[in-house]
Amino acid sequence: MIKVIRGRLDGFDGQEALRYLGYCKRDIPADNVRSLFEECGREVLAVQDLRAVYSDFPLATEGDGLDLGFARVKSHSLALNLTGCKRTVLFACTAGAGIDRLLAKYNRISPAKAAVVQAVGAALVEGWCDEICARIEREYGAVKPRFSCGYGDLPLTLQRDIFAVLSVTKNIGITLSDDCFMTPTKSVTAIVGVIEK
Amino acid sequence: MADFRDLLSNNIIVLDGAMGTQLQKSGLPLGVMPEEWCLTHSEDVTAVHRAYFQAGSNVVLANTFGANFLKFGDRLGEVVSAAIRCAKNACSGFKDAFVALDIGPCGKLLKPLGGLDFEDAVDIFKRTVRAGVAAGADLIFIETMNDVYELKAAVIAAKEECSLPICASMVFGNDQKTMTGASPEAFVALAEGLGVDALGINCSLSPAEMTPVVERILKVSSTPVIVKPNAGLPEEVDGKTVYSLSAADFAEQMRALTEKGARLIGGCCGTTPRYIEELIAATRGIQPKPIENKGLTCVSSYTQARYFGNIPVLIGERINPTGKKRLKQALKENDIDYVLNEAVTQTERGAHVLDVNVGLPEIDEPSVLKRCITEIQAVCDLPLQIDTSDPVAMERAMRVYNGVPLVNSVNGKRESMRSVFPLVKKYGGVIICLTLDEKGIPPTAKGRVAIAKKIIRNAEKYGIVRGQLVFDTLAMAVSADGSAAVEALEALDCIRHKLGCHTSLGVSNISFGLPQRDFINSTFFAMALTRGLSAAIYNPNSQEMVKTYKSFLALSGLDENCAAYVDYASSVTAGAITEVGGRADSANEGGGLTYFIVKGLKKEAAAEAARLLGNTAPLEVINAHIIPALDEVGKGFENKTVFLPQLLMSAEAASEAFKEVKARLNPSDNAKKIKVALATVKGDIHDIGKNIVATLLSNYGFTVYDLGRDVAPERVVEAAREHGVQLVGLSALMTTTVVSMRQTIELLRVELPHVKVCVGGAVLNEEYARTIGADRYCKDAMATVRYAGELEEGLS
């Protein structure tokens, strides 16, 4: 069955956000960057609106051909990821439109803030994905690393099937463009293989 | 058959419950669009509707929630008419039974958050409405909307296609906001402004969870309220999906909301005919609360509503070219960023509403006003005042405005009322009414009040209520007429207290021709506030005005414990008033323009540039200070000792310095000849990378034409030709849009073979760039600057 959940995070992985901005582990951000980072972090956390929708599906595989229970797809990389699985959990999640509002604003008045909000927002939605996967793990048992459209040879157009089967737009408000872009932009869909006991 | 509007005026109307979950029970597989079943399983669809009518519903929503042109294309008419037919077949034999055309979100997000243009959204909804009306729907039910802007598009579509009753309902979360951040009050303001017949909330929450939002809606709505909640949360029991609230519990919770005043009640996800039966049983005998006109005066943005009342509303006047040289120049040069900065600064300084006036003889006012309104709304969520004397500009701006605008202005002239009132009736709005007419401004208060009465009478004829009118009794220069202030205040007092309408003044006119105008302005402002001034157009940068306002609130008991006053007072030092936001002392460390730019200190960089310009030629400031600073940071970036945020902070500081320089630079002084057009290619809406490139290129003195995102190949060619650019920069983030990048390059090669093309973006690399025929792959913004620099050298 389809479940819709909401969440709230108190923080995000700052190292991950810095990585999106080109920093390596050993690079220490300058003081002015650090304060910009903190400011943007606060703004992003304040506007977060975490939502997710998920459901489980039976999985049948034949070589690289996969019957995901809601769509058939040919993908070597996904087949590899799902080796040995007989079920998957499909989820879509978003960190909310507030971050896009901030981006629209800072894109016009402060490119530096726009870049940092972008990175922090990405780190936040990653954190949200981790939380969803942990929840899936509690409900369904051990899982494989999540796998999204566009990874390896998994076609982006599979997004359309995902949106249809989970009623993503109706349930959590993410919209899909003709070119399969999601808005709010800080959104993720992924397939999580459930490891057979 | 009875009329829906008649039934609504005196009764509680029972809506239906869920459709999707019911169809799934009768076999609709997941992933199949429920609307398809109107064609293939019409009996099943009709059976669901009939069960709701049997349970006692007055209205069923046809199975058209997702029926739009984007999903069904040319089959739309067929699908909608089949859906309406299913519902019509079900209603035969029932009394007071209505079929609504159900309209859900179109599935795409509107600009500025998404890529869908407002007018395109209107068009999508119009197609559905047209099909529904042709098929015989009795009313239009717009529901499960997440974005007030999309709701506005749908309502306008319905109003322009038919005169059927319109119900409009949105989804609110536990945080009492819609997904795009609208408060219940902002939603009510917008929906009422558009003149819907009923408004409310559906989906997402249980009745009990909805209560706070329903209460907020009921408090401010003068329109019947819809409540259509979910049956709690879905749970899995023995492999089946069940909802957490039983029909009895649902009905019990709904009874409480109905007693509070909900007038259209039903269920959303998880509810069944059984829930509707229980709902009817639980609410039997509840007397419908009469619909009262709350008499509120309210403007709104896409997130918040601002009511006129005890706390006077401050309208920031900075976006109005009258007497502002720099803004005039910005408008003429299409420099929207300057306008946006004014919007953000005024917001930070405490304005409640922003005036937007772009009336200059040499510009195309309708298109510039529309653009300014849209762009300001992307960076600022204050309500806006649409300020124009051009009815065409006014209509275009009101149409795209996301919220209920303050409209400036109408006056007692027949022609003025005839052009403004119909627009306000159609789009909603609060109107600033100037107390003048064909004979000019009456010298006495009595004459101005008479005009106010005339305006009220006339507005009523258009269906515009008193609450929508705010009167400006016209403060004229006291230096020319000693009684100017007295008469304006007398008229103001009378209109506020005898006619019961709100008032507004453009305060600063009063001091025209006098020295130290702020002294006069702020005292006049205080006088007007004590006489009942509801709103003032003011300069948020004027400390005298802010001081008066804060003090007034404290003295009038409108500032609890004088907390806001104390807060304000501690931000200013006695006698000397510091600039809001503070200014760091530029001499305390390091110093020099290069230093400030490298450190990314915007204000300091601007101040230092201004100081330098006192004794240094503008070009010298660029070449000896700005460029070396950018080079230092740029090299650090290339060597990976400086990272993107620092690079951009420096770029912003350089931009500030550059603005100072530009003000003194002759156009012929601009040393760089290379002009660059930049675009994120068609299909792609990611533009951060492209914006960074634009910022850096302009910093280095190149002329940049930023064409935006999702730009078609033809448009790139057209702009490149029009501006005579030598370089086109294209950006794409996704593999799917590299195709449009290739098409753009191909078209450029045919049309403008001499133009160079560089490309960048996450999915590109050297090889890929070569394959699609680009001249250069630029891995980042600095690489683009270097490439433009190479081309520049080639020219000289």
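Residue numbers (my numbering), protein chains in the order written: chain X, 321 to 517; chain Z, 1020 to 1815. Just so you know, even glycine gets a beta-carbon here, dropped at the ideal spot from N, CA and C. Note that the structure is predicted; figures quoted are calculated from it, not measured.
What's the gap between the Cα of residue i and the Cα of residue j?
i	j	result
X/P349	X/E359	14 Å
Z/E1384	Z/G1314	34 Å
Z/Q975	Z/N1339	Since the first and last residues shown for chain Z are 1020 and 1815, residue 975 of chain Z lies out of range.
Z/A1177	Z/S1435	27 Å
Z/I1330	Z/G1519	16 Å
X/K323	Z/P1248	17 Å
Z/K1694	X/V440	34 Å
Z/A1672	Z/L1666	10 Å
Z/N1634	Z/G1525	40 Å
Z/K1308	Z/R1282	8 Å
X/A443	X/Q335	9 Å
Z/E1228	Z/D1409	46 Å
Z/F976	Z/M1413	Because residue 976 of chain Z is not part of the residues shown, which for chain Z are 1020 to 1815, the question remains open.
X/G404	X/I515	7 Å
X/L338	X/C344	8 Å
X/L341	Z/S1759	27 Å
Z/M1417	Z/R1768	42 Å
Z/V1468	Z/V1372	26 Å
Is DSSP giving residue i helix, strand or coil here?
i	result
Z/H1644	helix
Z/E1336	coil
Z/R1325	strand
Z/Q1073	helix
Z/Q1195	coil
Z/G1304	coil
Z/M1189	strand
X/L386	strand
Z/K1351	helix
X/V324	strand
Z/Y1614	helix
Z/S1541	helix
Z/G1039	helix
Bridge partners of residue i, per DSSP?
i	result
Z/I1284	Z/V1033 and Z/V1246
X/T503	X/T495
Z/H1516	DSSP lists no partner for Z/H1516.
Z/F1490	Z/C1452 and Z/T1522
X/A412	X/V373 and X/T509
Z/C1317	Z/Y1326
X/F467	X/I511
Z/D1374	Z/Q1404
X/A380	X/D387
Z/E1254	Z/V1261
Does the CB of residue i have a neighbour CB from chain X at under 9 Å?
i	result
Z/G1126	yes
Z/G1600	Confidence at Z/G1600 is low in this model, with a pLDDT of 37, below 50, so the placement of that residue is unreliable and no value is reported for it.
Z/I1236	no
Z/L1726	no
Z/H1705	yes
Z/I1596	Legend: pLDDT at Z/I1596 = 43, less than 50; position of this residue unreliable, value from coordinates given subsequently. Chain X, which has no Cβ nearer than 9 Å to the Cβ of Z/I1596, makes this no.
Z/V1398	yes
Z/T1199	yes
Z/I1711	yes
Z/A1670	yes
Z/K1255	One point to set straight first is that residue 1255 of chain Z is Glu, not Lys, in the sequence displayed. Cβ-Cβ to chain X under 9 Å: yes for Z/E1255.
Z/L1132	yes
Tell me, please, whether the CB atom of residue i is closer than 9 Å to any CB atom in chain Z?
i	result
X/Y374	no
X/P431	yes
X/V436	yes
X/C500	yes
X/I511	no
X/V463	no
Using only the heavy atoms of the ligand ZN, determine whether one of them is closer than 8 Å to the beta carbon of residue i.
i	result
Z/A1788	Summarising the ligand content, the structure contains no ligands, and the ligand ZN is consequently not present.
If you scan the segment 1110-1186 of chain Z from start to end, which runs of the alpha helix (DSSP H) of 4 or more residues do you find wholly inside it?
1137-1153 and 1167-1180
Whole alpha helix (DSSP H) runs in the segment 1681-1758 of chain Z with 4 or more residues, listed along the chain?
1707-1718 and 1732-1742
Note down, one range per segment and in chain order, each beta strand (DSSP E) of at least 3 residues found wholly within the segment 1063-1108 of chain Z.
1078-1080
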